[in-house]
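Q:
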């Protein structure tokens, strides 16, 4: 259980770093940013791909929770509610990741 949560937190931290700091780096001007532009573009497209993959997994999570909820039995209903709750929390974190990193970067460095 601890290993699964740690893996989730590490993946979330990577997603936050990729989605937020590429936008901050792309907004900066001067200082030799031209030579890093291909890397910044690649990281930005990777961040968009990860956001799309996360949204797709969220949709799959809601579909799974719906099927589990329709299966008779109290145990399945409880598991379905847990899956739906976890999916909502994950989607909120995923969709607000870019906003959180941009806000933190603006507070720290004034970007």
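In our numbering, the protein residues as written are -6 to 104. Glycine included, C-beta positions come from ideal geometry on N, C-alpha and C.
One question on the structure: do residue 76 and residue 47 come within less than 9 Å of each other, judged by their Cβ atoms?
A: no
Q: Kindly list the residues whose CB is nearer than 7 Å to the CB of residue 58, restricted to its own chain and excluding five residues on each side of it in sequence; keep chain order.
A: 73, 76, 77 and 80
Q: Looking only at C-alpha atoms, which of 91, 100 and 83 sits nearest to residue 49?
A: 83
Q: Mapping DSSP to helix, strand and coil, what is residue 33?
A: Helix.
Q: Run the CB neighbour count on residue 56, radius 10 Å, all protein chains shown included, and call it buried at 16 or more, exposed below.
A: exposed
Q: In this structure, how does DSSP classify residue 59 when only helix, strand and coil are distinguished?
A: helix
Q: In whole angstroms, give me the CA-to-CA distance for residue 31 and residue 68.
A: 51 Å
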